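Engineer:
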Amino acid sequence: MDTTDTAPGRAPATTGLRFGRIPITNVSPVVEGGTFPAKAVPGEDVEVAATVFREGHDLIGVSAVLFDPEGKPVQRARLAPAGPGTDRWTGTLRPTYPGTWSFAVEGWADLYATWLHNAEVKIAAGVDVELMLAEGVQLFTRTAGQQGRPGPNAEVFRQAAAVLADTDRPVDERLEAGSSPAVQAAVESHPVRGLVTASAAYPLLVGRDRAGRGAWYEFFPRSEGAVFDPQTRSWTSGTFRTAAERLPAVAAMGFDVIYLPPIHPIGRINRKGRNNTLVAGPGDPGSPWAIGAAEGGHDAIHPDLGGFEDFDAFVAAAARAGLEVALDLALQAAPDHPWATEHPEWFTTRVDGSIAYAENPPKKYQDIYPLNFDNDPQGLSEEILRIVRLWISHGVKIFRVDNPHTKPVWFWEWLIGTVNREDPDVVFLAEAFTRPAMMHALGRAGFQQSYSYFTWRNTKEELTQYLTEVSHESPAYFRPNFFVNTPDILTEYLQYGGPAAFKIRAVLAATSSPLWGVYAGYELYEHVARPGAEEYIDNEKYEYKARDFVKAEAEGRSLAPYLTRLNHIRRDHPALGDLQNLTILPTTDDATLAYAKHKANLDRAGRKDTIIVVVNLDPHHAREGMVDLDPAMLGLEPEDLNEDGTYWVDDLISGESWRWSGRNYVRLDPRVEPAHVLHVRRSR
Numbered sequence: 001m002d003t004t005d006t007a008p009g010r011a012p013a014t015t016g017l018r019f020g021r022i023p024i025t026n027v028s029p030v031v032e033g034g035t036f037p038a039k040a041v042p043g044e045d046v047e048v049a050a051t052v053f054r055e056g057h058d059l060i061g062v063s064a065v066l067f068d069p070e071g072k073p074v075q076r077a078r079l080a081p082a083g084p085g086t087d088r089w090t091g092t093l094r095p096t097y098p099g100t101w102s103f104a105v106e107g108w109a110d111l112y113a114t115w116l117h118n119a120e121v122k123i124a125a126g127v128d129v130e131l132m133l134a135e136g137v138q139l140f141t142r143t144a145g146q147q148g149r150p151g152p153n154a155e156v157f158r159q160a161a162a163v164l165a166d167t168d169r170p171v172d173e174r175l176e177a178g179s180s181p182a183v184q185a186a187v188e189s190h191p192v193r194g195l196v197t198a199s200a201a202y203p204l205l206v207g208r209d210r211a212g213r214g215a216w217y218e219f220f221p222r223s224e225g226a227v228f229d230p231q232t233r234s235w236t237s238g239t240f241r242t243a244a245e246r247l248p249a250v251a252a253m254g255f256d257v258i259y260l261p262p263i264h265p266i267g268r269i270n271r272k273g274r275n276n277t278l279v280a281g282p283g284d285p286g287s288p289w290a291i292g293a294a295e296g297g298h299d300a301i302h303p304d305l306g307g308f309e310d311f312d313a314f315v316a317a318a319a320r321a322g323l324e325v326a327l328d329l330a331l332q333a334a335p336d337h338p339w340a341t342e343h344p345e346w347f348t349t350r351v352d353g354s355i356a357y358a359e360n361p362p363k364k365y366q367d368i369y370p371l372n373f374d375n376d377p378q379g380l381s382e383e384i385l386r387i388v389r390l391w392i393s394h395g396v397k398i399f400r401v402d403n404p405h406t407k408p409v410w411f412w413e414w415l416i417g418t419v420n421r422e423d424p425d426v427v428f429l430a431e432a433f434t435r436p437a438m439m440h441a442l443g444r445a446g447f448q449q450s451y452s453y454f455t456w457r458n459t460k461e462e463l464t465q466y467l468t469e470v471s472h473e474s475p476a477y478f479r480p481n482f483f484v485n486t487p488d489i490l491t492e493y494l495q496y497g498g499p500a501a502f503k504i505r506a507v508l509a510a511t512s513s514p515l516w517g518v519y520a521g522y523e524l525y526e527h528v529a530r531p532g533a534e535e536y537i538d539n540e541k542y543e544y545k546a547r548d549f550v551k552a553e554a555e556g557r558s559l560a561p562y563l564t565r566l567n568h569i570r571r572d573h574p575a576l577g578d579l580q581n582l583t584i585l586p587t588t589d590d591a592t593l594a595y596a597k598h599k600a601n602l603d604r605a606g607r608k609d610t611i612i613v614v615v616n617l618d619p620h621h622a623r624e625g626m627v628d629l630d631p632a633m634l635g636l637e638p639e640d641l642n643e644d645g646t647y648w649v650d651d652l653i654s655g656e657s658w659r660w661s662g663r664n665y666v667r668l669d670p671r672v673e674p675a676h677v678l679h680v681r682r683s684r
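In the UniProt record's numbering, the protein residues as written are 1 to 684.
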C-alpha cells in the first residue's frame with residue numbers, strides 16, 4: 001500500500017465544499033448515493049469507476065482504495081482511463097471475505113508523469129533544458145527522502161537524481177536516466193503523488209460465496225420416491241426420506257443448492273386439479289403454493305412428507321452430499337390456512353364480504369389468498385419474521401421468495417435487514433418476473449439475487465443487450481440467477497428447439513452468470529406444453545411425477561452428463577465465478593453469440609484464467625462465421641504465444657484444441673455440438 005504523498009490532500013479553503021482540490025464525481029458502484037451498499041462476494045473483482053479531472057494541463061492519477069470491515073485500508077488499485085476525452089477512470093478491487101467493506105476513490109496530481117511529459121517536450125524543442133533537468137533533480141531528491149518510501153525505490157530515485165544533475169553527461173543521457181525501466185518500475189509500484197483528494201467512502205456488502213455464486217437444482221420432494229399403484233390408480237407420496245435418496249445424484253451433477261417448493265400443508269378449499277383445472281380429483285395433491293390447511297400453515301410440514309425430524313435429516317443428508325437446502329418462502333395462504341380465520345385482517349376483504357383470491361390477469365389462483373400488509377403491518381411482519389427464524393433454526397440459510405413484487409418493498413428491506421443483522425449468512429432469492437424498476441428495487445432492498453429475464457432472451461441481439469446490462473449496468477444491486485426453466489415456465493424455444501436448445505440454454509446460463517439453475521426434468525428434455533400456455537403439460541405443480549433418471553442416462557437420453565460437465569467447468573475456472581467480467585465479442589453471423597470472461601492475478605504468481613464462449617443460438621441449423629477479439633484483453637504474455645503470434649485454446653466440452661488469433665473461423669452444428677467453451681492456454 002502506498003501511503004506516501006508529496007503534499008496535503010485538501011487545502012483548508014475547500015473544507016465543506018462539494019469539490020475537493022481534484023474533483024471526483026459519478027463514483028460507482030454506488031447505490032442511491034450510498035444509502036444501500038453495493039453487492040459483492042469474496043474474491044470477486046468489483047468494477048470501480050469515477051469521473052476525475054483537474055484544471056490546466058498537468059497530468060493526474062486515480063486510485064481506488066478498499067477498506068476492510070474494520071475500516072483499515074487493505075488495497076489500493078490504480079485506475080486507468082476508460083477512453084480518450086471522457087475523464088472517466090476504471091479499475092477493480094477484490095474483497096477477500098464476507099462483511100461490510102467500503103471503498104473510496106482518490107484523485108491526485110501525478111508529479112512524475114507531469115514532469116516527464118514536460119521535460120521530454122521542452123528538451124526536444126530546446127526550451128528550458130537545464131531548468132527541466134533541475135526540476136527533475138528536485139522531484140527525485142524530494143521523493144527519495146519521503147518517509148515511508150521503500151528503500152530500494154528511494155535508492156533508484158537518488159541515482160536518477162545524480163545523473164540528472166551531472167552536467168558532464170549529454171542531455172539525452174541525463175533525461176533518459178529520469179525515465180529508465182528502474183524508475184518506471186519504482187513509480188508504478190509507488191506513484192509520486194501530490195494534492196491527493198479522496199471521495200467519500202461508500203459501502204460494499206460482501207456476502208458469502210453462495211450469495212452470488214452457485215448452481216441450483218429444483219425438485220418436488222413429494223415426487224421423489226412417489227409410487228403409483230396401477231390397480232387403484234392412486235399415488236403414494238414421496239417423503240423427505242425418499243427424496244434424500246436423490247441427493248447424491250444431484251450433487252454428482254455438480255449442483256450446489258437443492259431448492260424445494262413449499263413443503264407445508266396444502267389447502268383443500270378450491271384445490272386445483274391436474275393441469276390447473278378448477279376441480280380437484282380425490283387423489284390430486286394440489287399446488288404446494290396453496291399453503292395452509294387444518295394441519296397448519298407456514299410453520300408446519302405436510303404430513304405426507306414427514307415431520308421436523310425427517311426434514312432435519314434431509315438437511316443433514318444434503319450437507320453430507322455437499323448441497324445446501326433452499327426453501328420456498330411463499331407469503332400467501334390457502335382459504336383454509338389458519339390465518340384466514342385467526343387473522344382475517346391480514347387479507348383483503350371485498351365488498352361482498354369475501355376474501356379476495358390471487359390474480360395475475362389472465363391467470364387466476366382461486367386456491368390462494370394474497371396477503372394485505374396495510375391493515376396490520378406490524379402483526380403480519382412479526383409473524384413472517386417468526387416463521388423465517390423457525391426455518392433458520394432447522395438449518396435453512398437460503399430462501400427462494402415467491403412473488404416478492406406483490407408485497408411492499410419496505411417490508412423486504414425490514415425483513416432481510418433484520419434477518420441479516422442476526423445472521424449475515426442467510427440468502428434471499430427474489431422470484432420476481434415483473435417490471436425492471438420493481439426488480440431493481442428489491443435488489444436494493446436487500447435481496448442477494450433474483451430471477452431474471454434471461455429465460456426469454458433468445459436472439460443474439462436480445463442476449464447481447466441483456467448480458468451487457470446485468471454484467472455492467474446493474475450488478476451493484478441486481479444479481480441475476482439464470483434459471484433455464486421453472487415449473488411455471490417452459491419457453492417456446494425449449495418446446496420446439498429439440499435437444500440442442502436444451503444444451504444451448506444450459507451453456508449460456510452456466511457460463512454467463514455465476515448463478516444458474518434448472519428444474520428437474522430439464523435433463524430429460526421435457527418439452528411438451530399445456531396447449532396455449534407456457535407451462536408443462538401434466539404440470540408437477542398439481543400432481544406427482546415419477547421420473548426414471550437412471551434409465552434415461554443408461555440409454556443415452558439424459559442431459560445429465562452435459563450439465564455435470566458444465567458445472568465442473570464452472571468450478572475449475574475462476575473467471576466464470578465473477579459477474580462483471582463479461583465482454584461481448586463481435587461475430588459475423590447473426591445467430592452466433594460470443595463472449596469472454598477473464599480474471600487475472602489469481603495468486604501470487606500472477607496466474608490468469610480466460611474463458612471464451614461461442615454459441616450457435618439456432619438449434620436447427622449449422623452456423624458459421626468469424627469471431628473477432630483483441631488478444632490483449634486476454635492478458636497473454638509473450639511466452640504464451642506461438643512463433644506466429646497465435647495462441648492455443650482448448651475446448652472444455654469436446655476436448656479439441658485450436659490455434660487462435662485476433663480473427664477466428666467457427667462453425668457450430670447443433671446436431672453435433674452447439675457451443676465452444678474455450679480455455680485460453682497459457683504458461684501459468
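Idealized CB from N, CA, C, for every residue including glycine. Since this is a predicted model, take the numbers as computed values, not measurements.
I think Arg193 touches Gly91, with their Cβ atoms under 8 Å apart; what is that distance to the nearest whole Å?
Structural biologist: Position 193 of the sequence shown, counted from the start, is the residue given in the question as residue 193. Position 91 of the sequence shown, counted from the start, is the residue given in the question as residue 91. Rounded, the Cβ-Cβ distance is 16 Å, inconsistent with contact.
Engineer: Quick one, which of Thr100, Tyr112, Phe220 has its alpha-carbon nearest Ala185's?
Structural biologist: Within the sequence shown, numbered from 1, the residue matching residue 185 stands at position 185. Ranking Thr100, Tyr112, Phe220 by Cα distance to Ala185 puts Tyr112 first.
Engineer: Can you tell me the Cα-Cα spacing of Val27 and Gln580, whole angstroms?
Structural biologist: Along the sequence shown, read from residue 1 onward, the residue named residue 27 stands at position 27. Along the sequence shown, read from residue 1 onward, the residue named residue 580 stands at position 580. Answer to the nearest angstrom: the Cα atoms are 16 Å apart.
Engineer: For chain C, find out if any of its Cβ atoms is closer than 8 Å to the Cβ of Gly625; answer yes or no.
Structural biologist: Structure shown: chain C not included; a single protein chain is present.
Engineer: Tell me the DSSP bridge mates of Thr90?
Structural biologist: Taking the sequence shown and counting its residues from 1, the one referred to as residue 90 is at position 90. DSSP lists Ala49, Ala80 as partners of Thr90.
Engineer: Please report how far the alpha carbon of Gly606 lies from the alpha carbon of Ala80, in whole angstroms.
Structural biologist: Against the sequence shown, residue 606 aligns to sequence position 606. Against the sequence shown, residue 80 aligns to sequence position 80. Those two C-alpha atoms are separated by around 19 Å.
Engineer: Kindly provide the ranges of any alpha helix (DSSP H) runs that are 4 or more residues long and lie completely inside the segment 407-490, ordered along the chain.
Structural biologist: For the segment 407-490, whole alpha helix (DSSP H) runs of length 4 or above, ordered along the chain, are 409-422, 436-445, 460-468.
Engineer: Indicate the three-state DSSP secondary structure (helix, strand or coil) for Tyr562 in the structure shown.
Structural biologist: To locate residue 562, count along the sequence shown from 1; it is residue 562. Here Tyr562 sits in helix by DSSP.
Engineer: Would you mind reading off the limits of the beta strand (DSSP E) that contains Lys599?
Structural biologist: By one-based count along the sequence shown, residue 599 stands at place 599. Where Lys599 is concerned, the enclosing beta strand (DSSP E) stretches over 592-599.
Engineer: For Asn360, which option in Pro370, Asp352, Gly353, Ser354 has the closest C-alpha, if you only look at C-alpha atoms?
Structural biologist: Taking the first residue of the sequence shown as position 1, residue 360 is located at position 360. For the residues Pro370, Asp352, Gly353, Ser354, the minimum Cα distance to Asn360 belongs to Pro370.
Engineer: Here's the rule I'm using: 16 or more other beta-carbon atoms within 10 Å means buried, otherwise exposed. How should Trp410 be labelled?
Structural biologist: Within the sequence shown, residue 410 is the residue found at index 410, counting from 1. So Trp410 counts as exposed.
Engineer: Using C-beta distances below 7 Å, list every residue in its chain close to Asp589, excluding the 5 sequence neighbours before and after it, in chain order.
Structural biologist: Working through the sequence shown from its first residue, we reach residue 589 at position 589. Excluding sequence neighbours, Asp589 sits near Arg623, Glu624, Gly625.
Engineer: Please report the residue range of the beta strand (DSSP E) in which Ser63 lies.
Structural biologist: For the purposes of this step, residue 63 is taken as residue 63 along the sequence shown, with counting starting at 1. Here the beta strand (DSSP E) through Ser63 covers 60-67.
Engineer: For Ala596, tell me which candidate among Leu678, Leu524, Tyr647 has the shortest Cα-Cα distance.
Structural biologist: The residue labelled residue 596 in the question sits at position 596 within the sequence shown. It is Leu678 whose Cα lies nearest to the Cα of Ala596.
Engineer: According to DSSP, simplified to helix, strand and coil, what is Tyr97?
Structural biologist: As a first step, residue 97 must be located in the sequence shown, where it is residue number 97. Coil.
Engineer: When the Cα of Ser683 is compared with those of Ala675, Val672, Glu639, Tyr647, which residue comes out closest?
Structural biologist: Within the sequence shown, residue 683 is the residue found at index 683, counting from 1. Ranking the options by Cα distance to Ser683, first place goes to Glu639.
Engineer: Under a three-way DSSP split, which group does Phe502 fall into?
Structural biologist: Stepping through the sequence shown from its first residue, residue 502 is reached at position 502. Helix at Phe502.
Engineer: Contact defined as beta carbons within less than 8 Å: I believe Phe311 pairs with Ile301. What is the distance between those atoms, to the nearest angstrom?
Structural biologist: Locating residue 311 in the sequence shown gives position 311, counting from the first residue. Locating residue 301 in the sequence shown gives position 301, counting from the first residue. Confirmed, Cβ separation roughly 6 Å.
Engineer: Given a cut-off of 8 Å, decide if Arg94 and Asp45 are closer than it, judged by their beta-carbon atoms.
Structural biologist: For the purposes of this step, residue 45 is taken as the residue at position 45 of the sequence shown. For the purposes of this step, residue 94 is taken as the residue at position 94 of the sequence shown. The answer is yes: Cβ separation under 8 Å.
Engineer: Taking Leu559 as the reference, give the member of Gly85, Tyr522, Arg213, Lys551 with the closest Cα.
Structural biologist: On the sequence shown, position 559 is the one that residue 559 refers to. Cα-wise, what sits closest to Leu559 is Tyr522.
Engineer: What is the residue span of the beta strand (DSSP E) that Val518 lies within?
Structural biologist: The sequence position of residue 518 within the sequence shown is 518, counting from 1. From DSSP, the beta strand (DSSP E) with Val518 extends over 515-519.
Engineer: Is the distance from the Cβ of His598 to the Cβ of Met633 below 8 Å?
Structural biologist: Numbered from 1 along the sequence shown, position 598 holds the residue referred to as residue 598. Numbered from 1 along the sequence shown, position 633 holds the residue referred to as residue 633. Taking 8 Å as the Cβ cut-off, His598 and Met633 qualify as a contacting pair.
Engineer: With a Cβ-Cβ cutoff of 8 Å, do Leu329 and Phe240 count as a contact?
Structural biologist: Against the sequence shown, residue 329 aligns to sequence position 329. Against the sequence shown, residue 240 aligns to sequence position 240. For Leu329 and Phe240, no; Cβs fall outside 8 Å.
Engineer: Could you tell me whether the segment 56-73 touches the segment 113-122, using the rule of 3 or more Cβ pairs below 8 Å?
Structural biologist: Yes, the segment 56-73 is in contact with the segment 113-122.
Engineer: Specify the secondary structure class of Met633 as computed by DSSP and reduced to three states.
Structural biologist: If you number the sequence shown from 1, residue 633 lands on position 633. Three-state result, Met633: helix.
Engineer: Could you check the C-alpha separation between Gly207 and Arg479 for me, to the nearest Å?
Structural biologist: Within the sequence shown, the letter at position 207 stands for residue 207. Within the sequence shown, the letter at position 479 stands for residue 479. Their Cα atoms are separated by approximately 12 Å.
Engineer: Could you check the C-alpha separation between Gln288 and Asn420 for me, to the nearest Å?
Structural biologist: Position 288 of the sequence shown, counted from the start, is the residue given in the question as residue 288. Position 420 of the sequence shown, counted from the start, is the residue given in the question as residue 420. Residue identity check: residue 288 is Pro in the sequence provided, not Gln. Taking the straight line from one Cα to the other gives about 27 Å.
Engineer: Sort out for me which residues DSSP pairs Ser381 with in a bridge.
Structural biologist: If you number the sequence shown from 1, residue 381 lands on position 381. None; Ser381 has no bridge partner.
Engineer: Rounded to the nearest angstrom, what separates Gly9 and Leu195 at their Cα positions?
Structural biologist: To locate residue 9, count along the sequence shown from 1; it is residue 9. To locate residue 195, count along the sequence shown from 1; it is residue 195. Any reading at Gly9 needs caution, since the residue's pLDDT is 47, under 50, leaving its predicted position unreliable; the model's value is listed next. Taking the straight line from one Cα to the other gives about 5 Å.
Engineer: With DSSP as the reference, label Met626 as helix, strand or coil.
Structural biologist: What you label residue 626 is simply residue 626 of the sequence shown in a count that begins at 1. Three-state result, Met626: strand.
Engineer: In whole angstroms, what is the alpha-carbon distance linking Leu175 and Gly254?
Structural biologist: Counted from its first residue, the sequence shown places residue 175 at position 175. Counted from its first residue, the sequence shown places residue 254 at position 254. Approximately 59 Å, taken between the alpha carbons.
Engineer: Do you know how far the Cα of Ile612 is from the Cα of Arg681?
Structural biologist: Start at 1 with the first residue of the sequence shown, and residue 681 comes out as number 681. Start at 1 with the first residue of the sequence shown, and residue 612 comes out as number 612. About 11 Å.
Engineer: Spatial neighbours of Asn485 within its chain, please: C-beta separation below 7 Å, excluding the five flanking residues on both sides.
Structural biologist: Here residue 485 corresponds to residue number 485 of the sequence shown, with the count starting at 1. Within the same chain, Asn485 has close Cβ partners Leu494, Val518, Tyr519, Tyr522.
Engineer: Rank Ile24, Leu641, Ala252 by C-alpha distance to the C-alpha of Ala109 and give the top, closest one.
Structural biologist: For the purposes of this step, residue 109 is taken as the residue at position 109 of the sequence shown. Taking only the C-alpha atoms, the option nearest Ala109 is Ile24.
Engineer: Work out the CA separation of Arg530 and Pro84 for me, nearest whole Å.
Structural biologist: Looking up residue 84 in the sequence shown gives position 84. Looking up residue 530 in the sequence shown gives position 530. Their backbone Cα atoms lie some 55 Å apart in a straight line.
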